[in-house]
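Note that this note's numbering gives residue 115 to position 51 of the sequence shown, counting from 1, and the numbers run on in steps of one. These notes are about the structure you will find just below.
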Amino acid sequence: MSTADHQPANAERRYTVHRKDLPLSCPTPEMSLWNSHPRVYLPIEATGEATCPYCGSVFVLED
């Protein structure tokens, strides 16, 4: 199995997501999971921003 099409988990600290990406999880489906924390689902719809409690990545909802 190749991970060439996946970005490293938590490589950035700020991510922009869109409504089509919901429900939001960290790590996202595009990230490699082998070197990351457990997947958690983040509530972003109410405020437009969510922070992962494990890695501190900030996700911003863009319409």
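Ideal Cβ positions, reconstructed from N, Cα and C, are used throughout, including at glycine.
Asked: Residue from G120, E109, A75 and N99 whose Cα sits closest to the Cα of V81; Found: E109
Asked: Coarse secondary structure for R77, derived from DSSP in three states; Found: coil
Asked: Proximity to V104 [Cα-Cα], best of G120, G112 and T111; Found: G120
Asked: Residue of S89, T111, G112 and P107 minimising C-alpha distance to H101; Found: S89
Asked: Among T92, S96 and W98, nearest to R78 - alpha-carbon criterion; Found: T92
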